[in-house]
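Enquirer: Numbering (the numbering used here), first residue to last: 3 to 95. Built from N, CA and C at the ideal position, the CB exists for glycine as well.
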Amino acid sequence: MIEGQFGASNELDVGNFELCVVASGQIQHWYRDNHALTPWVHTATFGANAKRVVALLEGSFGFNLELVVENLDGHYQHYWRDGNGWHAGVVIV
């Protein structure tokens, strides 16, 4: 889980909490609006054969979220999210 920049008006303002978890072999993305203090919102389910989330970060390129997941076969999969949703990246052997 991280605190991202989405929802923040400047670098001193709070952003949304961003969370990715594995459920039944797929990745779920959740967020929480820290301004409105709303409940957690599930936005997407993606991927396959996932075992666990290893890392979640927000990159400086468009402030896109990036994710590394360990798959059931022991390989690592990179994912990223932009304005069009989540995308599978390279598999790291």
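Using a Cβ-Cβ cutoff of less than 6 Å, which residues in the same chain neighbour W32 once the five nearest sequence positions on both sides are dropped?
Expert: Closer than 6 Å at Cβ, skipping near neighbours: L21, W42, H44.
Enquirer: From V24 to V56, what does the alpha carbon distance come to, in whole angstroms?
Expert: 10 Å
Enquirer: Thinking C-alpha only, which one of L58, M3, A50, L39 is nearest D75?
Expert: A50
Enquirer: Using a 10 Å radius around the Cβ and a threshold of 16 neighbouring Cβ atoms, would you call V71 buried or exposed?
Expert: Taking all protein chains in view, the Cβ of V71 is crowded by 16 or more other Cβ atoms within 10 Å, so the residue is classified as buried.
Enquirer: Closest to H37 by CA distance: which of D15, V95, L69, N66 is it?
Expert: D15
Enquirer: Look at the Cβ atom of L69, then the Cβ atom of E60, and state whether they are nearer than 8 Å.
Expert: no
Enquirer: Would you kindly work out how many angstroms separate the C-alpha atoms of H77 and I29, rounded to a whole number?
Expert: 15 Å
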